[in-house]
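Some notes on the structure that comes next.
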Amino acid sequence: MPNSGLFPTVLIPAGFLLLFAAYGFVGYWGLAMRRGFAMGAYRAQAAGVSSIAWYFMVIGIATGALPVDAQSSPGPILVNALVDVGFLALLVYWVHTTISVSRRSDPFERDTLRYSSTKYVWILAIAIPIAISLVYNPIGLVFTTATPLSPLYFALALAPWVIFCSFGAILLFLGASGSKDRTLQSHVKWLALFVTVYLMIFVVGGWWSSSGGNAGPYIAVIFPLFVGGQTLAAYSLYRSVKSLAPTTKAL
Amino acid sequence: MASTGVGELDKLLGEGYPDRSAILVVGPAGIGKEALRYWFISSGLIQGDFCLYLTKSTPSEVLHDIKGFGMDTDRVPMWFAREGGEVKLDLNDLAAFSFKLKEVLQQHATKRIRIATDILSSLLVLNQMETVYRFLSQLFAEIKQYDVVLVATLEEGMHDQKVVSTMTEVFDGVIEFKLYEEGLRVTPLLRVKKMRGNISQPGYFTFSMSRGTMVISAYAK
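Residue numbers (our numbering), protein chains in the order written: chain A, 1 to 251; chain B, 1 to 221.
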């Protein structure tokens with residue numbers, strides 16, 4: 001049986017180790033590219049992508065190390081909330097730096113969706129529900145008047161993602177297509193693929209947990225899919241890092 | 001010769017950019033090509049040359065970038081800019097742009113004139129390459145009647161190799177920037193691809209930029 005001995009003791013740690021190495025490698029390349037840039041805007045963009053990779057490297061280790069049955073206790077729930085906030089914050093930072101770079105390569109230097117003046121509204125629209133949910137979640141746990149999965153908490157947790165995915169995606173699409181810079185367009189394309197794959201994994205992961213699938217027959221099917229999906233996500237992130245600027249291997 | 005504003009680059013080129021020349025700086029976005037424009041103009045302002053900056057941005061955006069490279073912005077050039085400059089720059093009207101430029105050059109004909117520009121990539125995106133080639137050839141022939149040195153930058157990622165090759169033919173000198181991927185490292189390199197009247201230093205050089213200085217050293221694999 002895959003889940004009786006070898007699978008949980010060897011293959012699961014090996015899967016997390018693979019993800020740790022893959023994201024670590026991507027994070028390293030982000031910093032290597034950053035060192036090649038002299039302009040602050042491009043260095044910030046490379047640092048943003050690199051941070052996303054480092055973040056997933058740490059998550060890979062943390063997820064692997066966290067006891068499965070501890071997921072319903074307050075501490076890990078708070079950690080999970082912070083983990084989700086962290087990813088969103090890094091994505092928002094990446095969009096911010098990428099829009100700044102795309103404007104530079106736009107022949108008319110267009111201010112996509114008036115981003116220079118609307119950026120604070122956008123960031124606040126994401127930050128406020130996050131802040132409320134972070135406060136609401138522990139209160140709900142302590143007083144048990146509202147559970148973490150109550151409709152309000154669910155709406156608060158979902159709202160920032162909906163805002164990010166709608167406004168952020170449109171912003172990036174317009175910014176990248178207006179820039180005429182094929183290097184930037186390639187970078188955005190690969191990172192968009194990374195976010196899409198990640199969100200799909202997020203949905204499948206949610207289904208896995210809600211099905212009580214941390215043990216039993218689910219794990220043998222879902223875990224390899226999870227690792228495969230994450231490897232694809234890491235590859236997309238790697239390609240997006242490598243398309244921050246054209247490099248040459250021959251002089 | 002016109003100083004580049006970078007002592008080590010001056011040494012590399014002899015004493016600087018040749019008189020009455022048009023210099024192209026080509027490379028990936030973000031690598032620091034812009035800094036060569038800023039140092040060139042900054043050096044001209046210190047020496048009392050008439051300096052002209054042609055930009056698709058606004059003067060305040062350019063000055064913000066200049067400060068980001070750790071350079072002074074006490075003295076400023078004359079601006080041809082999208083908005084906020086002495087002359088409004090419309091990239092869709094090449095004839096009017098050319099006319100205004102020649103007018104300004106005539107007014108300052110007694111001085112050495114330095115021109116720096118970031119509009120070349122935009123011109124190539126908005127127009128046919130042949131149109132830009134003809135426009136630049138005529139423009140360079142006319143402005144070289146004055147004591148002019150022009151430095152333009154070209155974004156490598158925005159154009160085909162054919163466009164880049166064609167542009168290098170129009171200019172008197174070409175400085176090429178590259179991000180060289182060597183194993184697990186990315187090294188920024190530069191080389192003088194061609195320079196009128198100079199025996200170009202062969203090979204690549206590594207460089208670093210920080211707080212208003214540029215350090216260049218020979219690159220050995």
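Note that beta-carbon positions come from the ideal geometry of N, C-alpha and C, so glycine has one too.
query: Which of helix, strand or coil DSSP assigns to S105 (chain A); result: coil
query: Neighbouring residues, chain A, relative to E156 (chain B) (Cβ below 7 Å); result: P246
query: Closest Cα partner of R191 (chain B) within the set B:A2, B:S3, B:L9; result: B:L9
query: Short CB-CB distance (under 7 Å) between M39 (chain A) and chain B; result: yes
query: Three-state secondary structure (DSSP) of P224 (chain A); result: helix
query: Cβ-Cβ distance between P246 (chain A) and P188 (chain B) below 7 Å; result: no
query: Straight-line gap, K33 (chain B) to M209 (chain B) (C-alpha atoms, nearest Å); result: 11 Å
query: Cβ neighbours of S42 (chain B) in the same chain (closer than 6 Å, five flanking residues each side left out); result: G5, M71
query: Beta-ladder partner(s) of F80 (chain B), from DSSP; result: B:L54, B:V87
query: Chain B contact for Y42 (chain A) (CB, 7 Å cutoff); result: yes
query: Span separating the alpha-carbon of T112 (chain A) from that of A35 (chain B); result: 26 Å
query: Residues, ordered as in the chain, of the region 169-196 of chain B that lie near chain A by beta-carbon distance below 9 Å; result: K178, L179, Y180, E181, E182, L184, R185, V186, T187, P188, L189, R191
query: Short CB-CB distance (under 7 Å) between M78 (chain B) and chain A; result: no
query: C-beta contact flag for S236 (chain A) and L193 (chain A) at 7 Å; result: yes
query: T145 (chain A), buried or exposed, once every other Cβ within 10 Å from all chains shown has been counted against 16; result: Any reading at T145 (chain A) is ruled out, since the residue's pLDDT is 48, under 50, leaving its predicted position unreliable.
query: Where the beta strand (DSSP E) containing Y180 (chain B) begins and where it ends; result: 173-182
query: Inter-stretch contact at 8 Å, needing at least 3 Cβ pairs: the region 170-180 of chain B / the region 54-66 of chain B; result: no
query: Contacts that A32 (chain A) makes with chain B (C-beta to C-beta distance below 7 Å); result: L184, R185, V186
query: From B:E182, B:S98, B:T168, B:R37, residue whose alpha carbon lies closest to that of K193 (chain B); result: B:T168
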